[in-house]
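J.:
Number of protein chains: 2
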Amino acid sequence: MTATTSTLGFAILAVLARADSTGYEIAGRMRHPIGRFWTAGHSQIHADLQRLRAAGLVEYVTAAGPGPQEKKVYSVTPEGLGALRDWVTEPPRPQPERDELVLKTYAAWLADPARLIEMFRTALRHHEERLAEYESTWAAVEEAPPAFGTSGFGNMAALRCGLTYERHRAEWCRWMIDQLLRAQSDGEHPA
Amino acid sequence: MTATTSTLGFAILAVLARADSTGYEIAGRMRHPIGRFWTAGHSQIHADLQRLRAAGLVEYVTAAGPGPQEKKVYSVTPEGLGALRDWVTEPPRPQPERDELVLKTYAAWLADPARLIEMFRTALRHHEERLAEYESTWAAVEEAPPAFGTSGFGNMAALRCGLTYERHRAEWCRWMIDQLLRAQSDGEHPA
DNA sequence: TCCTTCTATGTCAGAAATGACATAGTGGGC
DNA sequence: GCCCACTATGTCATTTCTGACATAGAAGGA
Chain A
8 MTATTSTLGF
18 AILAVLARAD
28 STGYEIAGRM
38 RHPIGRFWTA
48 GHSQIHADLQ
58 RLRAAGLVEY
68 VTAAGPGPQE
78 KKVYSVTPEG
88 LGALRDWVTE
98 PPRPQPERDE
108 LVLKTYAAWL
118 ADPARLIEMF
128 RTALRHHEER
138 LAEYESTWAA
148 VEEAPPAFGT
158 SGFGNMAALR
168 CGLTYERHRA
178 EWCRWMIDQL
188 LRAQSDGEHP
198 A
Chain B
8 MTATTSTLGF
18 AILAVLARAD
28 STGYEIAGRM
38 RHPIGRFWTA
48 GHSQIHADLQ
58 RLRAAGLVEY
68 VTAAGPGPQE
78 KKVYSVTPEG
88 LGALRDWVTE
98 PPRPQPERDE
108 LVLKTYAAWL
118 ADPARLIEMF
128 RTALRHHEER
138 LAEYESTWAA
148 VEEAPPAFGT
158 SGFGNMAALR
168 CGLTYERHRA
178 EWCRWMIDQL
188 LRAQSDGEHP
198 A
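Each protein sequence line maps, in turn, to chains A and B.
If you want the working numbering, it's the 1-based position in the first sequence plus 7.
If you want the working numbering, it's the 1-based position in the second sequence plus 7.
1. To the nearest angstrom, how far is it from the Cα of residue 41 of chain B to the Cα of residue 23 of chain B?
2. Is it buried or exposed, residue 68 of chain B, if we count other Cβ atoms within 10 angstroms and call 16 or more buried?
3. Taking all protein chains shown into account, do 16 or more other C-beta atoms lie within 10 angstroms of the C-beta of residue 149 of chain B, making it buried, or fewer, making it exposed?
4. Along the region 36-70 of chain B, what residues have a CB closer than 9 angstroms to any CB found in chain A?
5. Between residue 111 of chain A and chain B, is the shortest Cβ-Cβ distance under 8 angstroms, so that the two count as touching?
6. Is residue 1 of chain A near residue 65 of chain A, with beta carbons less than 8 angstroms apart?
7. In the structure shown, what three-state DSSP assignment does residue 192 of chain A receive?
8. By a C-beta neighbour count over all protein chains shown, 10 Å radius and 16 as the cutoff for buried, is residue 195 of chain B buried or exposed?
9. Does the Cβ-Cβ distance between residue 106 of chain B and residue 51 of chain A come in under 8 angstroms?
10. Taking only beta-carbon atoms, is residue 158 of chain B less than 8 angstroms away from chain A?
11. Note the first and the last residue of the continuous beta strand (DSSP E) segment covering residue 97 of chain B.
12. Could you say if the region 159-173 of chain A and the region 149-166 of chain B meet the contact criterion of at least three C-beta pairs nearer than 8 angstroms?
13. Helix, strand or coil, according to DSSP, for residue 185 of chain A in the structure here?
14. Measuring alpha carbon to alpha carbon, tell me which residue in A:116, A:99, A:141 and A:126 is nearest residue 100 of chain B.
15. Compare the beta carbon distance of residue 18 of chain B and residue 15 of chain A with 8 angstroms and say whether it is the shorter of the two.
16. By how many angstroms is the C-alpha of residue 123 of chain A removed from the C-alpha of residue 72 of chain A?
17. What do you reckon, are the CB atoms on residue 70 of chain A and residue 80 of chain A nearer than 8 angstroms?
18. In chain order, what residues of the region 140-155 of chain A put their CB closer than 7 angstroms to some CB of chain B?
19. Taking C-beta pairs closer than 9 angstroms, name the residues in chain B that residue 92 of chain A reaches, listed in chain order.
20. Give a yes or no on whether the minimum CB-CB distance between residue 101 of chain B and chain A is below 8 angstroms.
21. Using only the heavy atoms of the ligand FMN, determine whether one of them is closer than 7 angstroms to the beta carbon of residue 41 of chain B.
22. How long is the line joining the alpha carbons of residue 177 of chain A and residue 61 of chain A, rounded to whole angstroms?
23. Assuming residue 95 of chain A and residue 115 of chain B make a contact with CB atoms under 8 angstroms, what is their CB distance in whole Å?
24. Taking only beta-carbon atoms, is residue 190 of chain B less than 8 angstroms away from chain A?
25. So, at 7 angstroms on beta carbons, what are the nonlocal neighbours of residue 25 of chain B in its own chain, with the 5 sequence-adjacent residues on each side left out?
26. With H, G and I counted as helix, E and B as strand and the rest as coil, what does DSSP make of residue 21 of chain B?
27. Report yes or no: is there a C-beta of chain B within less than 8 angstroms of the C-beta of residue 86 of chain A?
28. Please say whether residue 191 of chain B and residue 130 of chain B have beta carbons closer to each other than 8 angstroms?
29. Determine whether the Cβ of residue 73 of chain A lies closer than 8 angstroms to any Cβ atom of chain B.
30. Relative to the C-alpha of residue 185 of chain B, which residue among A:135, A:164, A:33 and A:57 is closest?
31. Which residues share a DSSP beta bridge with residue 82 of chain B?
32. At least one CB of chain A closer than 8 angstroms to the CB of residue 95 of chain B: is that the case?
33. Starting from residue 127 of chain B, follow the alpha helix (DSSP H) in both directions and report where the run begins and ends.
34. Please state if the CB of residue 175 of chain B and the CB of residue 181 of chain A are separated by a distance shorter than 8 angstroms.
35. Relative to the alpha-carbon of residue 113 of chain B, which residue among A:54, A:31, A:32 and A:43 has its alpha-carbon at the smallest distance?
36. Give the straight-line distance between the Cα atoms of residue 144 of chain B and residue 136 of chain B, rounded to the nearest whole angstrom.
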């Protein structure tokens with residue numbers, strides 16, 4: 008009954024539900040802002056669009072394109088919108104998170120503290136930069152909170168997650184650096 | 008020069024650096040505790056162990072096994088330990104996070120608030136359960152902080168990340184539920 | 001003029017990852 | 001006595017994902 012579509016398929020539907028787009032434009036949104044929580048290259052997107060079309064969840068109209076092929080502007084069909092709506096409220100199975108920095112941390116006891124401090128400072132800088140970016144966007148959103156039922160609500164909600172995530176991450180990096188500095192000074196002049 | 012090994016290969020090395028193990032045991036540790044930040048099925052692990060062995064990063068001794076094949080107890084070679092040490096301090100490229108719940112949130116403006124509240128309450132419950140688990144483990148660790156240079160340090164550092172992550176996540180879920188409740192009551196009796 | 005970037009489509013090879021299948025002894029509960 | 005879970009190895013088909021290759025016009029800067 009329910010169309011079997013990969014998670015990427017729903018990500019594409021979520022983009023198209025906001026505005027009709029070409030595959031190229033979808034790839035752009037996949038980098039930003041969706042790239043913070045889902046990624047896909049354009050080759051994968053083109054393939055998935057064809058699958059979605061075969062399943063009747065999207066359709067397209069053609070126009071003259073810059074390259075040898077015609078440009079295809081995709082839009083969500085009513086069935087596609089229904090499938091997206093159903094999927095949104097289905098609880099995802101608890102995340103199998105994949106986090107390389109934490110994996111490195113798990114093995115950090117084997118490495119040189121000075122180098123680790125350097126690595127975590129780099130990570131901290133990245134997180135602080137993103138946090139600053141999110142906070143300025145947040146300030147703008149807070150002044151005029153978008154109503155539920157408009158796409159702005161989705162933007163705000165995802166942004167809020169990014170905001171608290173970057174805070175947690177920066178906090179943890181600072182804690183790590185602190186721990187490593189202690190380990191270093193203990194190593195220099197042990198009691 | 009540096010051996011080209013996938014991230015999973017380093018995850019395996021990180022397990023073996025703590026204790027010599029069979030592939031089966033590695034798979035067990037991959038579920039817990041490593042499953043919180045990296046995952047792999049046993050089929051993938053067996054394949055990777057063979058690659059690591061071909062690269063000279065691990066070796067094994069055989070013993071009688073329960074099945075038709077012999078049991079193989081793997082250990083890290085000096086080259087493997089060196090590769091692991093080098094990898095640990097190499098800064099990972101900023102995370103391409105993949106988070107289905109946030110993706111759903113991005114499209115949440117299309118869905119029914121009541122169902123969304125249900126979904127976020129489920130997610131919140133999961134995060135609170137994990138948080139409680141981490142906090143009790145943390146209390147035990149804090150009493151006797153493991154020294155840097157022992158594997159306990161890696162455990163503690165990864166646990167600390169999980170702890171602040173679950174806090175951020177629970178906080179965000181509560182914020183979402185609050186927003187959705189407001190949206191619901193606004194919908195019921197709009198000014 | 002030339003070079004790069006942006007627009008826009010796609011294919012293809014290969015790697016990574018999942019889940020099912022296959023085999024087989026031991027130990028414990030009902 | 002029977003069935004299940006645990007230990008332990010592996011293969012295989014399929015799906016997913018990445019990165020490179022291929023094509024080509026338009027716009028803008030050096």
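No residue lacks a Cβ here, since even glycine has one placed at the ideal position from N, Cα and C.
A quick note: this is a predicted structure, and the numbers were derived from the prediction, not measured.
T.: So, from the data block:
1. Translated into positions along the second sequence, residue 41 of chain B becomes position 34. Translated into positions along the second sequence, residue 23 of chain B becomes position 16. Residue 41 of chain B and residue 23 of chain B: Cα-Cα distance of roughly 13 angstroms.
2. In the second sequence, counting from the first residue as 1, residue 68 of chain B sits at position 61. Exposed.
3. Looking up residue 149 of chain B in the second sequence gives position 142. Its Cβ having fewer than 16 others within 10 Å, residue 149 of chain B is exposed.
4. 40, 41, 42, 43, 44, 45 and 46
5. Locating residue 111 of chain A in the first sequence gives position 104, counting from the first residue. It does: the Cβ of residue 111 of chain A has a partner Cβ on chain B nearer than 8 angstroms.
6. Given that chain A is displayed from residue 8 to residue 198, the structure contains no residue 1 of chain A and the question cannot be resolved.
7. Locating residue 192 of chain A in the first sequence gives position 185, where the first residue counts as 1. Note: residue 192 of chain A maps to helix in three-state DSSP.
8. Mapped onto the second sequence, residue 195 of chain B falls at position 188. Label assigned to residue 195 of chain B: exposed.
9. By 1-based counting over the second sequence, the position of residue 106 of chain B is 99. By 1-based counting over the first sequence, the position of residue 51 of chain A is 44. The criterion of a C-beta distance shorter than 8 angstroms is not satisfied by residue 106 of chain B and residue 51 of chain A.
10. Here residue 158 of chain B refers to the residue found at position 151 when the second sequence is read from its first residue. Answer yes: the Cβ-Cβ gap between residue 158 of chain B and chain A drops below 8 angstroms somewhere.
11. Your numbering for residue 97 of chain B matches position 90 in the second sequence. Run containing residue 97 of chain B: none; DSSP gives neither H nor E here.
12. no
13. As a working note, residue 185 of chain A is residue 178 in the first sequence. Look at residue 185 of chain A here: in three-state DSSP terms it is helix.
14. As a first step, residue 100 of chain B is located in the second sequence; it is residue number 93 there, counting from the start. The option with the nearest alpha carbon to residue 100 of chain B is A:126.
15. As a working mapping, residue 18 of chain B is identified with position 11 in the second sequence. As a working mapping, residue 15 of chain A is identified with position 8 in the first sequence. Contact flag unset, no.
16. Here residue 72 of chain A refers to the residue found at position 65 of the first sequence. Here residue 123 of chain A refers to the residue found at position 116 of the first sequence. The alpha-carbon atoms of residue 72 of chain A and residue 123 of chain A are separated by roughly 50 angstroms.
17. Sequence index remark: in the first sequence, residue 70 of chain A carries index 63 (1-based). Sequence index remark: in the first sequence, residue 80 of chain A carries index 73 (1-based). Yes.
18. 155
19. In the first sequence, residue 92 of chain A corresponds to position 85, counting from 1. Chain B residues near residue 92 of chain A: 114, 117, 118 and 119.
20. As a working mapping, residue 101 of chain B is identified with position 94 in the second sequence. Output row for residue 101 of chain B: interface = yes.
21. Inclusion of the ligand FMN in the displayed structure is not the case, the ligand content being empty and no account of it being possible.
22. Numbered from 1 along the first sequence, position 170 holds the residue referred to as residue 177 of chain A. Numbered from 1 along the first sequence, position 54 holds the residue referred to as residue 61 of chain A. Roughly 44 angstroms separates the two Cα atoms.
23. Looking up residue 95 of chain A in the first sequence gives position 88. Looking up residue 115 of chain B in the second sequence gives position 108. Right, their Cβ atoms sit about 6 angstroms apart.
24. Start at 1 with the first residue of the second sequence, and residue 190 of chain B comes out as number 183. Answer yes: the Cβ-Cβ gap between residue 190 of chain B and chain A drops below 8 angstroms somewhere.
25. The sequence position of residue 25 of chain B within the second sequence is 18, counting from 1. Within the same chain, residue 25 of chain B has close Cβ partners 158.
26. Locating residue 21 of chain B in the second sequence gives position 14, where the first residue counts as 1. Of the three classes helix, strand and coil, the one that applies to residue 21 of chain B here is helix, per DSSP.
27. Counting from one through the first sequence, the residue named residue 86 of chain A turns up at place 79. So no, residue 86 of chain A is outside the interface.
28. As a first step, residue 130 of chain B must be located in the second sequence, where it is residue number 123. As a first step, residue 191 of chain B must be located in the second sequence, where it is residue number 184. Contact flag unset, no.
29. The residue given as residue 73 of chain A occupies position 66 in the first sequence. Closer than 8 angstroms: no.
30. To locate residue 185 of chain B, count along the second sequence from 1; it is residue 178. Cα-wise, what sits closest to residue 185 of chain B is A:164.
31. For this step, residue 82 of chain B is matched to residue 75 along the second sequence. According to DSSP, which records beta bridges pairwise, residue 82 of chain B is partnered with B:66.
32. Mapped onto the second sequence, residue 95 of chain B falls at position 88. It does; some Cβ of chain A falls within 8 angstroms.
33. The residue labelled residue 127 of chain B in the question sits at position 120 within the second sequence. It spans 120-150 - the alpha helix (DSSP H) in which residue 127 of chain B sits, taken as one unbroken run.
34. For this step, residue 181 of chain A is matched to residue 174 along the first sequence. For this step, residue 175 of chain B is matched to residue 168 along the second sequence. Contact flag unset, no.
35. Your numbering for residue 113 of chain B matches position 106 in the second sequence. Out of A:54, A:31, A:32 and A:43, A:43 has the C-alpha closest to the C-alpha of residue 113 of chain B.
36. Here the question's residue 144 of chain B lines up with position 137 in the second sequence. Here the question's residue 136 of chain B lines up with position 129 in the second sequence. Distance between the alpha carbons of residue 144 of chain B and residue 136 of chain B is about 13 angstroms.
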